[in-house]
Amino acid sequence: MILACFHNFFLVLASGGFWLSWSCSCAAEEVDFAKQAYSAEALRKTLDPFYKQHIVADGLVVAGSEKVSLPALREVGYLAKKLLANRPDVMSALCEKRKMFVAVMAYCELQTDLPDCRRMSLWWAYRARGLGSRPVSCGEENVLNFKGDPWEGENIFIHEFAHGIQSVIGGVDDQFDARLRDLFDKSEKSGRFRGYAIEGGIAEFWAEGVQAWFNCNGTIRPKSGGGQSSFEVLGPKGEHVCHLQTREQVRTHMPAFAKLLDDSFRQNKWLYVPVAERLDEPHLKGFDPAQAPTFRWPPAVVEAFHRIEAERASKK
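All the letters of the sequence shown, read from the start, carry residue numbers 0 to 315 under numbering that gives the first Met the number 0.
Below, the structure is given as structure tokens:
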């Protein structure tokens, strides 16, 4: 039974939840990446036809449909270059070993619009505005700080790209994984921290820490993201001290984590600043926040999410 249609897909009621049925029959040519030398050009040729435009930033392909604004693609490329300015080895590993690329969703697209997410339950369409596998993905509204952004106050690309970084950095730094594991285990056992950074396991601990290190972590996650705190520091009696949002707070409350982050990014001094405060940068030319659209969740997507949540709860 077809319930609704969004963009290029149909929402279908199926056993176990909601799934997507696509009307597009075209597919990218199958290519065995493992047998090919990496190049941005080779990667572009394998992308699904969904991706109509792209840029390349230090070898990293940043792609989107025709609905994504060019400033959004450029901003993601800018952020990737800034984050790994002192780690060309990590960027190389991401591109050459992981064959990584970034998919930017337009403000009017959903996570499940992306080719790699088409078979995912619609639960994910409301839960995520970015994921950290391959491709790393993020939403245009968050990258450019549109009104209505559910993740206002933090940068989802930096969070998801941090997952990508974690997937390769252990291959170029043989101490990284052990150091991160030790830090996470001690932080979890200490009882001095709570929130998604602890509840989500070591990968989220790292990604939330990277956000804070670059001054772009949030406080309380939106309802679509669970509604809990992101990375909360507690006092000796369990009292709230602060939300870990900035580099200085990481240095103050988690000096060992600060050392790992500083080492991992090789003393990178760059800090994230919201787009509205740096509109004079060349890559943002032509972007006017006053003319930007407003992000809104499609009501049927929200309804489907809550329906699936209720179904899951009833089975427990």
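By construction, the Cβ of each residue, glycine as well, lies at the ideal position given by its N, Cα and C atoms.
Spatial neighbours of residue i in its chain, beta-carbon cut-off 8 Å, leaving aside the 5 residues before and after
i	result
T346	Limits of the chain in this structure are 0 at one end and 315 at the other, which puts residue 346 out of reach.
A56	V75, G76, Y77, A79, K80
W296	Y125, P149, S223
Distance between residue j and residue i (C-alpha atoms, nearest Å)
i	j	result
F192	H252	10 Å
V67	R73	11 Å
P48	G63	10 Å
L78	K314	42 Å
A312	A303	14 Å
R43	V60	8 Å
W248	A84	In the sequence on display, residue 248 carries Gln and not Trp. Taking the straight line from one Cα to the other gives about 23 Å.
Y50	D112	11 Å
D121	E308	Correcting the residue identity first, residue 121 is Leu in this sequence and not Asp. Roughly 11 Å separates the two Cα atoms.
E198	P221	16 Å
T45	G169	27 Å
P70	G76	10 Å
A26	A39	Caution is warranted here: a pLDDT of 30 is assigned to A26, below 50, making its placement in the model unreliable, and the coordinate value is therefore given only provisionally. If you take the alpha carbons of A26 and A39, they lie about 19 Å apart.
E29	A289	For E29, the predicted model reports a pLDDT of 32, less than 50, meaning its position is unreliable and no value from the coordinates is stated.
Q236	E187	The sequence as given places Lys at residue 236; Gln does not occur at that position. About 16 Å.
M104	C137	6 Å
For residue i, the residue or residues it bridges with in DSSP
i	result
G197	Before going on, a small fix: residue 197 reads as Ile here, not Gly. Paired residue(s): none; I197 is not in a bridge.
A62	H53, A102
E231	R193, H242
K314	None, per the DSSP bridge assignment.
I219	S228
V135	V101, G131
T293	K146
Beta carbon of residue i nearer than 8 Å to that of residue j
i	j	result
V300	L109	yes
F256	L182	yes
M99	R133	yes
A161	A206	yes
R180	I201	yes
E140	G131	no
R128	I157	no
V167	L93	yes
W212	L260	yes
R86	R265	yes
Residues near residue i in its chain [Cβ-Cβ closer than 7 Å; skip 5 each side]
i	result
S223	Y125, R126, P149
D287	none
N267	A84, N85
Nonlocal neighbours in the same chain, by C-beta distance under 6 Å from residue i, ignoring five residues either side
i	result
E231	R193, G194, H242
S22	Low per-residue confidence applies at S22: pLDDT is 30, beneath 50, and the placement is therefore not dependable, though the value from the model is reported in the following sentence. Closer than 6 Å at Cβ, skipping near neighbours: no residue.
T293	K146, G147
V135	V101, E159, F160, G163
V316	Only positions 0 to 315 of the chain appear in this structure, which leaves residue 316 out of reach.
Any chain C beta carbon closer than 8 Å to residue i
i	result
A161	Of the protein chains in this structure there is only one, and it is not chain C.
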